[in-house]
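Colleague: The numbering of the sequence shown is the working numbering, which starts it at 3 and goes up by one.
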Amino acid sequence: MTSHTRSEDASRAEKAVARFCRNYLDGSIPAIAPVVDRDHYSSLLGLEPGDLRKLLEDHQVIDPSQSNLQDRFWSERVVLAAFLHCDMADGKLARNANGGILRSRYLCLFRSARRSSDRYGLVFTSLERHLSQPAQSPPLAQRADEIEAWFSQRFAERSLDVFRGKASRRQVYNAFGIPTHKRMPELEAPLQRWSDRISVDGYKPDPLKVRQHLANAGRSYEENRIKTEETVRLRARLSERLLRDLNSGTLVSMKNKNQVSRRHYAGELNCAVSSVRAQKDILAKFDVELSKLRGTIGTKTEEVREWLKESLANRTLQVVNGEVCRQQLASAFGVSLRDIKTSKEISELLLEYGKKAKGIQGLPNSRRTAEREVPNAEEEARLRDYVNGECVKLFRGKISRRAAAAAAGIAGSSLGRTALKTILETADKRIMGEFLSKPGNFVHEGTPFEFARITALGFPEAVSISLSETFLETLAEMSFRRAFEVYGVALSVFETASPIAHSLYQSDGSLARGSEYAWTRLLASLRATSVAEKTRVMTNSFVGLANHLIKLLKSCDLMPSGVRPLKKLARVETTQLRTVVEAPKLGKSAAPVTTNSVERYIELLESVVLSVDVGLGAKEVPEFVSAIARQVQADESLRNDPDEAVKVVLRQRLDAASEAGWESFCKWRDHFDYGQRLIANIERQEGEDERLEDIFLRGHASPHLDTILPEEFSETGLARYLFIMKKYNGSIASDWKNRRVAKQLAKLYGPRSQLQAYLVPHVDCSSAAVLACLASKGPNTAVGRELPTDFTRSVDDQIAEIVGVKRKGGAPKVIHIDLPANGREIQMLDWMKAATHHLRGSSSWSNRLFLMCHHGRIRALSEWAARDHIREICQTKPILAGMNIVPSMFRTSRLLLQGLLDKGIINVSRALGQHTEDVSWRDYHSRPPETLIRDKVTRSYLTDAQTIIVHDDNELANALGISDEALAERRRSGRMRRTGFGTLCGDRLGRPGSAGTLCTQQDCERNCPQLMFVADPVQTALVQAWGIGLRSAEDEFSRTRPERWMEVWLPRLKLIESIEELMTRGQNIDIWDEATILRKQIWADPSVPALRPW
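1) Taking the C-alpha atoms as reference points, what is the distance between Arg-172 and Phe-165?
2) Would Phe-288 and Leu-351 qualify as a contact pair, given that the criterion is a beta-carbon distance under 8 angstroms?
3) Could you check where the alpha helix (DSSP H) with His-871 kicks off and where it finishes?
4) Hey, quick one: how far does the beta strand (DSSP E) through Ile-412 stretch, first residue to last?
5) My understanding is that Ala-1023 touches Arg-1081, with C-beta atoms under 8 angstroms, so please give their C-beta distance in whole angstroms.
6) Where does Cys-855 land, buried or exposed, given buried means 16+ other C-beta within 10 angstroms?
7) Straight-line CA distance for Lys-168 to Trp-152?
8) In angstroms with no decimal places, state the Cα-to-Cα distance between Gly-663 and Lys-745.
9) Identify, in the order they occur along the chain, each residue of the same chain with its Cβ nearer than 6 angstroms to the Cβ of Tyr-676, setting aside the five sequence neighbours on each side.
10) Taking the beta strand (DSSP E) that Cys-855 belongs to, which residues open and close that run?
11) In three-state terms, what does DSSP make of Pro-822?
12) Name the two residues that bound the continuous beta strand (DSSP E) containing Arg-166.
13) How would you write the range of the beta strand (DSSP E) that Arg-861 sits in, first residue to last?
14) Can you tell which of Lys-343, Pro-763, Arg-317 has the C-alpha that lies nearest to the C-alpha of Arg-328?
15) Closer than 8 angstroms is the cut-off here; do at least three beta carbon pairs connect the segment 145-160 with the segment 191-203?
16) Could you tell me which residues DSSP pairs with Leu-396 in its beta bridges?
17) With the cut-off set at 8 angstroms, would you say Arg-842 and Pro-790 are in Cβ contact?
18) Which residue or residues does DSSP assign as beta-bridge partners of Ala-1036?
19) Nearest by alpha-carbon distance to Lys-669: which of Asn-390, Ser-768, Phe-157 is it?
20) In the DSSP assignment, what residue or residues form a beta bridge with Arg-787?
21) Just tell me which of Arg-873, Arg-160, Leu-142 has its CA closest to the CA of Ile-180.
22) Just reading off the alpha helix (DSSP H) that Ser-333 is part of, what are its end residues?
23) Can you tell me which of the three DSSP states Val-262 falls into?
24) Give a yes or no on whether 8 angstroms exceeds the smallest Cβ distance from Lys-168 to chain B.
25) Select from Arg-265, Asp-657, Val-202, Asp-430 the residue whose C-alpha is nearest the C-alpha of Arg-896.
26) Measure from the alpha carbon of Gln-345 to the alpha carbon of each residue in Ala-409, Leu-240, Asp-208, Asp-247, then state which is nearest.
27) Do Trp-309 and Ala-334 have their CB atoms nearer than 8 angstroms?
28) Report the rounded CA-to-CA distance for Phe-852 versus Leu-1052, giving the unit in angstroms.
29) Exposed or buried, what is Ile-726 when buried is set at 16 or more other beta-carbons lying within 10 Å of its beta-carbon?
30) For Ser-263 versus Ser-255, is the C-beta distance shorter than 8 angstroms?
31) Relative to the alpha-carbon of Asp-832, which residue among Ala-771, Ala-647, Leu-776, Ile-860 has its alpha-carbon at the smallest distance?
32) Who does Arg-850 pair with in a DSSP beta bridge?
33) So, for Ala-867: in the same chain, excluding its five sequence neighbours on each side, which residues have a beta-carbon less than 8 angstroms away from its beta-carbon?
34) Under the assumption that Tyr-267 contacts Leu-240 (Cβ atoms under 8 angstroms), give the Cβ distance between them as a whole number of angstroms.
35) Please report the residue range of the alpha helix (DSSP H) in which Ile-1073 lies.
36) Tell me whether Leu-306 is buried or exposed, calling it buried when 16 or more other Cβ atoms sit within 10 Å of its Cβ.
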């Protein structure tokens, strides 16, 4: 808010307090107003005069920065009183536009400025009231005769307002200047007495006279407050415009009120609506005149009677709870609800027609229904002809509403009308009955899911026909698995056909009672089959119904109690890997993600050859292949070299993005340097600092900008304005809210963002530097955006090693990026570091290299700002125009390009996302890191652990996607079999990974809800013991015997960690806990040796 230092604050406070103390103790405080005297300051501070004198004598120099809280509190209050006293005495009391005290000018002097607004609100309010009132009225106890005369006059004129059968307390308290939240006995007694008289005499107020009295009464504070010149001119123009329209009879009113339209006249005067609403005294007088012109509703009894009679005959009279809606009447005659309620004649009419409407059917119960047109008979006839015809289109077992609306020539929302809705529902029931009457429709195309889909819609006829003999005969011919599918998706059918399930259960010998493992295998296989067949039933719905089936079978003693229910799938957001080649057009929703996999692009390279040879169209192949195909068609030499075609397209687009970033950076760099040169070469005038301080620290800057801003553009004027912005830290930014000033500044020097870019590097400058780094080397997007200021570790003649930190995915990892030492990227980074040096302080982002100015405040470059501005920068190049290029595409593109430049490092490119502190990019070319080795071993074991190991059931393995040959190979290897562990993977195609492909994520077992582990507590306890022994010996063996550790014991440790992750994060946590207890019991025996590698 201010830019002066704490030492300046202390100096000003010391001078003000010294002057206040001297005047107060000497008794020489002048009387600024009749009540602002020496004793008034003590009342403002909440002290007695003697206490204030003692406080000032003990604290000759008040220090607002005292450590003691209570002392600092009283010191701040004294300093506040001192500043108010000095400014009032000098005639420099800072006021706001409404005539009140500008509190921010005084509260900004304290450390507790945010709390001071509430702590000292009463001080400011009291002083404002005293300054606005010329004299203090006598107490109410001495004004009894005046109060009684006021009530008598209001009662005689019928201008005493009534609220809930009593005299209006608000009107009385406002008339005598008392806040309504207080209760004054001097006013409460007359209020009660006159309220009793109102009920006895049947007093009815005149709305026009009540409103006229309220308008004429006004409030003393509002009338006497100081108004600015703009407010005075606005009031004059508003009065002139209202008087002109009143004389011509064109006074514009609100829709349902007898009041002048505030919004209309705000538009006429080209000002804000709030500015017009603030002129309450002017608007109240013209509201009274408008009411006189339009008349009261009580004088239009015959017109209201005719309107009610006509509305009742047309069935458009709105009736709510047996009464005529007053809002409808007020809207029709343009009056307020208050006028209707206060008119006795109109109330009797509404009561009369409310009784007549009780026996009439079809009256609307809302204004929208009342104004709606009667349904067209032709539309009903067209819709009836369509549903009874032969070309009816169905959707989910019902008539398609979209097709029906198109056939009837009406909007889809019109089908909700009662008549049209009844036609459609009747036709739906008829079609459902015809479908269920044919036995062949129970099993549609060899599957029961068509019937299940229809019954799931909740038709009552479906349940009754499902119990018919025809359906039960069809059900009896099915196998147990087919019947299970029907039961799983049509639960109502299963619950009523449990005898059939019992007979099928007894006839199936393979599912003997007590075989929990067999039941678990069956549930998993049925679940995989239901997904593999691509039925219309969602997998989670199937799991829920299957669990209900398990519960029902257990209750009927048809299933062992040890069978566990299935677990529902978690929602998995499927994303697609993209590069700059596959960037979609703008306007499409795409969420590109980064990954370290290159295998997908090797498959796409093969499809490039197919697309060129076969001649497929652009819509029949992915966008990546289409872009490569167009490049091959343009250059015949690339027809037999698809790898080179991919590299050409990647280089073109990456180079275009890098060039666009450099051009944008140069533009805003020159802009910033130009502003800094202007500020450095400005010529200062004598006494300018003191004059600017008076303008920007003691009042609004807007009235003085005319003396600062020239009429035409000049470098001198721009330099002086930039100097002011820099010196006072943007303190005149609030003046942009003034439209006149904002237009003048924009006309002279451009938009606010362009002016700010002279002092702070533009956000496009930071985004362009990030874009250049991403397009050049493709680091992680967050790493490039969050580069620290000390980004350079070592620099030689050719290579500069840039160091970043990757904070996502666990502990921070140091990332090493190699850039050309004399390249553009290093120049951009060095310039950004030097240009933003003066903006850094002790904030949390002080060590961040890339900054931005957001709403006048310096912030670190955010993710959304970098994304949006990089997309806009890329649009400047024709080759990238219209494409949705986002930062995450550059890393993927660079990884693919690096893998194609040297096929020997494709596997290395796959591990580029696994950086550690001691491994840089160049190290990947000489030796693979230990992380890559660990991940390779982990993936090999997870590949086995994610496949069900069933030795005797080839059909079940085939249902899970395992061929007979693959199953035989796994039987021969027996690696997982020897461990005694296995998993049930119900759906290998619906797990995290690319759509339509097998699961590829190495850590999917943490989030996969489908893994069901088959394990034994004894074997699990042995695995836990081996895991503890291997972890304790890891440091020793990896240091003394690295070859044996890498080849023998590290794979075993990774296997144990994989098993631990699968069990502790899955459904077998109980088995793991049981094994833990068993292991502790075994180790309690001192004769059992600890397991350690050899």
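Each residue gets a CB set at the ideal place from its N, CA and C atoms; glycine is no exception.
Modeller: With the given structure in hand:
1) For the purposes of this step, residue 172 is taken as the residue at position 170 of the sequence shown. For the purposes of this step, residue 165 is taken as the residue at position 163 of the sequence shown. When the Cα atoms are used, Arg-172 and Phe-165 turn out to be separated by approximately 9 angstroms.
2) Numbered from its first residue, the sequence shown carries residue 288 at position 286. Numbered from its first residue, the sequence shown carries residue 351 at position 349. Annotated as distal: Phe-288 and Leu-351, with beta-carbon spacing of 8 angstroms or more.
3) By one-based count along the sequence shown, residue 871 stands at place 869. Residues 865-876.
4) Within the sequence shown, numbered from 1, the residue matching residue 412 stands at position 410. Segment: none, Ile-412 is in no beta strand (DSSP E) and carries neither H nor E.
5) Start at 1 with the first residue of the sequence shown, and residue 1023 comes out as number 1021. Start at 1 with the first residue of the sequence shown, and residue 1081 comes out as number 1079. Between Arg-1081 and Ala-1023 the Cβ distance is about 4 angstroms, and since that is below 8 angstroms, they are a contact.
6) By 1-based counting over the sequence shown, the position of residue 855 is 853. So Cys-855 ends up on the buried side.
7) Mapped onto the sequence shown, residue 168 falls at position 166. Mapped onto the sequence shown, residue 152 falls at position 150. Cα-Cα distance, rounded: 16 angstroms.
8) Within the sequence shown, numbered from 1, the residue matching residue 663 stands at position 661. Within the sequence shown, numbered from 1, the residue matching residue 745 stands at position 743. Between Gly-663 and Lys-745, the C-alpha separation is close to 32 angstroms.
9) Along the sequence shown, read from residue 1 onward, the residue named residue 676 stands at position 674. Spatial neighbours of Tyr-676 in its own chain (CB-CB distance under 6 angstroms, excluding positions within 5 residues in sequence) are not present.
10) Indexing the sequence shown from 1 puts residue 855 at position 853. Counting along the chain, the beta strand (DSSP E) containing Cys-855 begins and ends at 853-856.
11) Here residue 822 corresponds to residue number 820 of the sequence shown, with the count starting at 1. Here Pro-822 sits in strand by DSSP.
12) Numbered from its first residue, the sequence shown carries residue 166 at position 164. For Arg-166, there is no enclosing beta strand (DSSP E), as DSSP gives it neither H nor E.
13) In the sequence shown, the residue the question calls residue 861 occupies position 859. Going by DSSP, Arg-861 is part of the beta strand (DSSP E) stretching over 859-862.
14) Translated into the one-based positions of the sequence shown, residue 328 becomes position 326. Looking only at Lys-343, Pro-763, Arg-317, the smallest Cα-Cα distance to Arg-328 is reached by Lys-343.
15) Output reads yes: the segment 191-203 touches the segment 145-160.
16) Taking the first residue of the sequence shown as 1, we reach residue 396 at position 394. Partner(s): Ile-401.
17) Translated into positions along the sequence shown, residue 842 becomes position 840. Translated into positions along the sequence shown, residue 790 becomes position 788. For the pair Arg-842 and Pro-790, the CB atoms are not nearer than the 8 angstroms cut-off.
18) Numbered from its first residue, the sequence shown carries residue 1036 at position 1034. Correcting the residue identity first, residue 1036 is Glu in this sequence and not Ala. Paired residues: none, contrary to the question.
19) The residue labelled residue 669 in the question sits at position 667 within the sequence shown. Comparing Cα-Cα distances from Lys-669 to each of Asn-390, Ser-768, Phe-157, the minimum goes to Ser-768.
20) As a working note, residue 787 is residue 785 in the sequence shown. Per DSSP, none; premise fails for Arg-787.
21) As a first step, residue 180 must be located in the sequence shown, where it is residue number 178. Put simply, of Arg-873, Arg-160, Leu-142 the residue whose alpha carbon is nearest the alpha carbon of Ile-180 is Leu-142.
22) By 1-based counting over the sequence shown, the position of residue 333 is 331. Run containing Ser-333: 328-335, per the alpha helix (DSSP H) assignment.
23) One-based indexing of the sequence shown puts residue 262 at position 260. Note: Val-262 maps to strand in three-state DSSP.
24) Protein chains in the displayed structure number just one, and chain B is not present.
25) The count along the sequence shown starts at 1 and reaches residue 896 at position 894. Looking from the CA of Arg-896, the closest CA among Arg-265, Asp-657, Val-202, Asp-430 belongs to Asp-657.
26) Translated into positions along the sequence shown, residue 345 becomes position 343. A small fix is needed here, since residue 345 is Ser in this sequence, not Gln. The closest CA to that of Ser-345, considering only Ala-409, Leu-240, Asp-208, Asp-247, is found on Asp-208.
27) Along the sequence shown, read from residue 1 onward, the residue named residue 309 stands at position 307. Along the sequence shown, read from residue 1 onward, the residue named residue 334 stands at position 332. With respect to Ala-334, Trp-309 sits close: the two C-beta atoms are nearer than 8 angstroms.
28) Reading the sequence shown from its first residue, position 850 is the one you call residue 852. Reading the sequence shown from its first residue, position 1050 is the one you call residue 1052. Taking the CA atoms as reference points, Phe-852 sits about 42 angstroms from Leu-1052.
29) Translated into positions along the sequence shown, residue 726 becomes position 724. By the 10 Å Cβ count, Ile-726 comes out buried.
30) To locate residue 263, count along the sequence shown from 1; it is residue 261. To locate residue 255, count along the sequence shown from 1; it is residue 253. Yes, the pair counts as a contact, with Cβ atoms nearer than the cut-off.
31) Reading the sequence shown from its first residue, position 830 is the one you call residue 832. Nearest neighbour of Asp-832 by Cα position, chosen from Ala-771, Ala-647, Leu-776, Ile-860, turns out to be Ala-771.
32) As a working note, residue 850 is residue 848 in the sequence shown. Under DSSP, Arg-850 takes part in a beta bridge, and its partners are Pro-790.
33) What you label residue 867 is simply residue 865 of the sequence shown in a count that begins at 1. Taking C-beta separations shorter than 8 angstroms and ignoring five residues to either side along the sequence, the partners of Ala-867 in its chain run Val-765, Ser-769, Met-854, His-856, following chain order.
34) Along the sequence shown, one-based indexing puts residue 267 at 265. Along the sequence shown, one-based indexing puts residue 240 at 238. Yes, they are in contact, since the Cβ atoms of Tyr-267 and Leu-240 sit about 7 angstroms apart, within 8 angstroms.
35) For the purposes of this step, residue 1073 is taken as residue 1071 along the sequence shown, with counting starting at 1. Note, Ile-1073: alpha helix (DSSP H), 1071-1085.
36) Taking the first residue of the sequence shown as 1, we reach residue 306 at position 304. Before going on, a small fix: residue 306 reads as Val here, not Leu. Burial call: buried.
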